[in-house]
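S.K.: First residue of the sequence shown: 8, per this note's numbering; consecutive thereafter. By construction, the Cβ of each residue, glycine as well, lies at the ideal position given by its N, Cα and C atoms. Let me give you the structure first, and then I'll get to my questions.
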Amino acid sequence: MIRFFLIIPLALLFGVIYAQQDPQISQYMSSSMVYNPGFAGSRDAICLGLLHREQWVGIPGAPQTSAFFVNMPINPFKINSGIGLSIVNDKIGFEKNVAMNFTYAYRMDIKNGEGKLGIGVSGGFFNKTMEAKWITPEGDDGTSDNAIPGQKESAMVFNLGLGLYYRTDKLYLGLSSTNLTQAKFKFSKGAPNLTREYYVTAGYSMALPNNLLELQPSVLIATDGRSSSFDINSILTYNKRIWGGVTYRLNAAVVGMLGIELKNGLRIGYSYDYATSAISNYNSGTHEVMLNYCFNIVKEKMRRKYKSVRFL
């Protein structure tokens with residue numbers, strides 16, 4: 008427990024300006040499949056998630072992100088494993104990115120079964136579409152810029168990711184990397200490339216004197232090696248069904264979040280980001296909605312038939 012909180016001061020050694028390429032997600036604790044393939048199958052259930060994020064509402068061309076993700080445990084040839092799929096649609100300015108990744112994770116027991124470690128790999132495709140017209144505040148349409156295509160163009164590349172995800176009843180730790188191939192997109196003007204991203208995440212569930220309350224602090228560090236983002240979060244849960252929390256994103260935003268789990272198991276989360284930088288003067292905040300649902304498939308036992316004269 009003490010070691011968990013010791014990593015927070017060390018994380019401050021990272022830079023604090025994050026060059027956003029992978030989409031920013033505030034409810035990261037409920038969307039690990041997007042950035043860590045080691046998460047697949049860790050819930051021991053079939054889990055589906057939907058997310059939609061409207062960033063910096065009021066600014067034309069501000070980022071908009073939608074995501075779908077699903078994962079489940081499997082046991083082929085008696086090998087504990089997990090599989091998953093994530094689809095992310097991210098728009099920003101005149102650029103649209105669609106990423107589809109398939110995930111496999113090998114899962115093993117650690118410390119006499121107290122926790123499980125998932126070692127995951129993801130592979131898929133990343134499609135980037137660039138619009139032709141870029142209108143600047145000065146009225147320039149961008150045609151004089153050699154990096155801007157003269158017409159709408161689209162290019163697709165192969166992408167890979169790796170991740171480790173360790174989980175117990177109380178603790179989770181994750182380490183992952185996306186965009187490992189750092190592939191280049193072939194456009195008529197220029198060749199932009201994906202930037203490799205690294206993620207470190209950790210969380211802990213603390214029981215409180217009131218048995219109906221539970222505190223869940225967590226942290227997420229994201230970096231591309233040149234710039235970084237640091238989120239520290241704390242969520243208070245009531246009766247395992249209603250929660251509220253606050254995130255501080257270093258030098259970037261303060262985030263409030265609320266959520267509820269319905270009787271049918273559907274979890275609904277909402278978060279609002281208030282920017283703490285000068286950009287807050289030009290937008291009305293960021294809204295994010297998350298849906299999660301997990302379930303198990305239970306096979307009904309076949310009734311046995313007895314061929315006996317006693318039952319004839």
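Quickly, what does DSSP pair threonine 230 with across the bridge? List them, please.
M.R.: According to DSSP, which records beta bridges pairwise, threonine 230 is partnered with Tyr205, Ser235.
S.K.: When you compare the CB positions of methionine 3 and serine 38, do they come within less than 9 Å of one another, or not?
M.R.: This structure cannot settle anything about residue 3, because the visible part of the chain is limited to 8 through 319.
S.K.: Name the two residues that bound the continuous beta strand (DSSP E) containing tyrosine 111.
M.R.: 102-117
S.K.: Are the beta-carbon atoms of asparagine 186 and leucine 215 separated by less than 9 Å?
M.R.: Leucine 215 is positioned such that its CB atom lies no closer than 9 Å to that of asparagine 186.
S.K.: CA-CA distance, tyrosine 42 and alanine 282?
M.R.: 23 Å
S.K.: Taking the alpha-carbon of glycine 68 as reference, which of Ile99, Leu55, Ile90 has the nearest alpha-carbon?
M.R.: Ile99
S.K.: By alpha-carbon positions, which one of Arg274, Val95, Leu124, Ile66 ends up nearest to serine 49?
M.R.: Leu124
S.K.: Going by DSSP, name the residue or residues bridged to threonine 244.
M.R.: Glu221, Trp250
S.K.: Quick check: isoleucine 117 and tyrosine 173, are their CB atoms within less than 9 Å of each other?
M.R.: yes
S.K.: Count the C-beta pairs between the segment 195-208 and the segment 57-66 that are closer than 8 Å, then say yes if the count reaches three, no if not.
M.R.: no
S.K.: In whole angstroms, what is the alpha-carbon distance linking arginine 274 and histidine 294?
M.R.: 17 Å
S.K.: Just to confirm my understanding: we take methionine 40, look at its own chain, exclude 5 residues before and 5 after, and list those with CB closer than 6 Å. What are they?
M.R.: Phe46, Phe76, Asn78, Gly91, Ser93
S.K.: Report all residues from its chain with a CB closer than 7 Å to the CB of methionine 107; omit the five preceding and five following residues, and keep chain order.
M.R.: Ile94, Gly131, Phe132
S.K.: Taking 9 Å as the threshold (C-beta atoms), are glutamine 71 and aspartate 29 in contact?
M.R.: No; because the gap between Cβ atoms is not below 9 Å, this pair is not in contact.
S.K.: Leaving out the 5 sequence neighbours to the left and right, which residues in its chain are closer than 7 Å to isoleucine 126 when beta-carbon positions are compared?
M.R.: Gly45, Ala112, Tyr113, Leu171
S.K.: So which of Gly181, Asn246, Val262 has the shortest CA-CA distance to lysine 270?
M.R.: Asn246
S.K.: Residue range of the beta strand (DSSP E) that isoleucine 275 falls in?
M.R.: Boundaries of the beta strand (DSSP E) harbouring isoleucine 275: 274-282, taken from the DSSP string.
S.K.: Taking its Cβ as the centre, do 16 or more other Cβ atoms sit within 10 Å of serine 284, making it buried, or is it exposed?
M.R.: exposed
S.K.: Classify isoleucine 53 as helix, strand or coil using the three-state DSSP reduction.
M.R.: strand
S.K.: Along the chain, where does the beta strand (DSSP E) containing alanine 260 start, and where does it finish?
M.R.: 260-268
S.K.: Round the Cβ separation of serine 291 and valine 64 to the nearest angstrom and send it over; I've been treating them as touching at under 8 Å.
M.R.: 5 Å
S.K.: Since isoleucine 53 and phenylalanine 237 are thought to touch, with beta carbons under 8 Å apart, how far apart are those beta carbons, to the nearest angstrom?
M.R.: With a Cβ gap of about 33 Å, isoleucine 53 and phenylalanine 237 do not count as contacting.
S.K.: Where does proline 44 fall in DSSP's three states?
M.R.: The three-state reading of DSSP puts proline 44 in helix, counting H, G and I together.
S.K.: Of the residues Ile242, Met137, Tyr300, which one's Cα is nearest the Cα of valine 226?
M.R.: Ile242
S.K.: Rounded to whole angstroms, what is the Cα-Cα separation between glutamate 204 and arginine 256?
M.R.: 18 Å
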